[in-house]
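What follows is a set of notes on a single structure, which appears directly below.
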Amino acid sequence: MFRVGYGYDSHRFEEGRPLMLGGVHIPHPAGLRGHSDADVLIHAVIDALLGAAALGDIGSHFPDTDEKWRGADSARLLEAVAKEIADAGYAVSNIDATVICEAPKLRPHVDEIRKRLAALLGIEVSQVSVKGKTNEKMDDVGAGIGIEAHCVALLEMRK
Ligand code: MG
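Take 393 as the starting number for the sequence shown in the numbering used here and just add one per residue.
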């Protein structure tokens, strides 16, 4: 049995924070504002995985009202979700994500991000797709206010 899930997230830029995308530090003058490290891509991946398994969402697992998750490394959250998905009997078939921002350019970092996400999920790099786009200067993301990320995930119930 296959199950599909979808995740979305967005965060505003904030000066003086490191920019983390898919568990990789990306050199940029601003990072993203958030309770955790604000890794918008990992957050979208987590919601896609939890959605596919109908196991709730990132907010129900790691509430941003909980001091425990302040400054949290989102890579650790993704590892915890990957374990929960596996414990529920699912294997990740593939994930496909899109990150939207005017800057920085994602292309030079895509392969490193794919490798990192694959390692965190315990799957092959060929099962992880990450695509970068601009918003053609439209709307708030196009004005450079922040970054948004979308992800779909396909899970297969292990026999
Ligand atoms: Mg988030």
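For glycine and all other residues, C-beta sits at the position ideal for the given N, C-alpha and C.
Under 8 Å between C-beta atoms of residue i and residue j
| i | j | result |
| --- | --- | --- |
| Ala-510 | Ala-440 | no |
| Val-437 | Ala-478 | no |
| Leu-547 | Ala-483 | yes |
| His-542 | Val-416 | no |
| Ser-380 | Ile-487 | With the chain running from 393 to 551 in the structure shown, residue 380 is simply not present. |
| Ala-474 | Gly-514 | yes |
| Gly-536 | Glu-494 | yes |
| Ser-466 | Asp-503 | no |
| Leu-433 | Ala-422 | no |
| Ile-492 | Lys-525 | yes |
| Ala-464 | Ser-428 | yes |
| His-435 | Pro-496 | no |
| Leu-470 | Leu-512 | yes |
Cβ neighbour criterion (16 or more within 10 Å) applied to residue i
| i | result |
| --- | --- |
| Glu-540 | buried |
| Val-564 | An answer regarding residue 564 cannot be provided, because it is not within the stretch 393 to 551 covered by the chain. |
| Arg-506 | buried |
| Gly-538 | buried |
| Gly-481 | exposed |
| Phe-454 | buried |
| Arg-341 | Missing from the structure shown is residue 341; the chain here goes from 393 to 551 and no further. |
| Ala-444 | buried |
| Phe-394 | exposed |
| Gly-399 | buried |
| Arg-508 | buried |
| Asp-401 | buried |
Paired residues, beta bridge with residue i - DSSP
| i | result |
| --- | --- |
| Arg-404 | Gly-538 |
| Met-393 | Answer by DSSP bridge pairing: none, since Met-393 is not bridged. |
| Ile-418 | Leu-411 |
| Glu-528 | According to DSSP, Glu-528 bridges with nothing at all. |
| Ser-521 | Asp-488 |
| Ala-545 | Gly-397 and Ile-487 |
| Leu-424 | Phe-405 |
Residue-chain proximity (residue i, chain C), Cβ-Cβ < 8 Å
| i | result |
| --- | --- |
| Val-396 | The structure shown contains no chain C, having only a single protein chain. |
Original post:
When a residue counts only if its C-beta is closer than 5 Å to some heavy atom of the ligand MG, which residues count, in chain order?
Top reply: Asp-401 and His-435
Subject >> In chain order, each beta strand (DSSP E) run of at least 3 residues that lies wholly inside the region 458-517 >> reply: 482-492
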